[in-house]
Amino acid sequence: MDSKQRQRYQAAILSTYGSENSFLDNIAMRDGTEQWRCSPQASQMSDILESLHRGKVLIVNSRKRNGLIVFKRYHAEFAGPGALVGGDYDRDCQFVIPVGNLSLLTPESHEDRQKAYLIRRQWVRLIKQITENSVSAQRVQKILEQFKQYFTQEMVADLPDVAFAMLVGVLPQTVARVRSLGSDLDECFDDE
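Quick note: the sequence shown uses my numbering, first residue 74, plus one each step.
As structure tokens, then:
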């Protein structure tokens, strides 16, 4: 991609996710009928977001299949079981989506915080490995596979396309396309 094409692409991404067009207005449930902001989880998400903005340090319960997708300005991060959320690290978050039956705990000691921080780094590294693939559809397929290993098919299906898109750096339309193709996508990759 030459520099002019890259600039146009970056401008398109910024206009899609820029501050004047908040992606929060476009987060819809998978069936397209209900906005996340109006869901029963809205109050829980608001409370979590407020805690993160205040700098409170929490740990995702490692004894449950749960997690938190933390949306930053231009990307999202996943904090899975055992991971730290909050502190200075997440003050800049703009939105959160709980995955599974979210349970957040307050760390009891400095050692608990350190261990949880290291686990958060592991989750970030996992996502980083996925994003190193230059083929966007393959990144989407890989993140969906990873989530299906940790969570039920129904939980993964209920997450909005924009969540996966911001986790692996693709457009939400790419996620929708990969989801709609399902296993047919594997045949496309076999030919490459």
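Just so you know, even glycine gets a beta-carbon here, dropped at the ideal spot from N, CA and C.
query: Span of the alpha helix (DSSP H) holding residue 254?; result: 245-254
query: In its own chain, which residues sit with a C-beta less than 6 Å from the C-beta of residue 142, not counting the 5 before and 5 after it?; result: 149, 151, 170, 236
query: Starting from residue 210, trace the alpha helix (DSSP H) both ways and give me its first and last residue.; result: 209-223
query: Would you call the stretch 125-138 in contact with the stretch 152-168, where contact means no fewer than 3 C-beta pairs closer than 8 Å?; result: yes
query: Counting pairs of beta carbons, one from the stretch 220-238 and one from the stretch 180-198, are three or more of them closer than 8 Å?; result: no
query: Under 8 Å between the Cβ atoms of residue 206 and residue 175?; result: no
query: Just how far apart, CA to CA, sit residue 172 and residue 122?; result: 15 Å
query: In this structure, how does DSSP classify residue 160 when only helix, strand and coil are distinguished?; result: helix
query: Rounded to a whole number of angstroms, what is the C-alpha to C-alpha distance between residue 251 and residue 234?; result: 10 Å
query: Would you report the Cα separation of residue 102 and residue 231, rounded to the nearest angstrom?; result: Caution applies to residue 102, whose pLDDT of 42 falls short of 50 and renders its modelled position unreliable; the model cannot decide the point.
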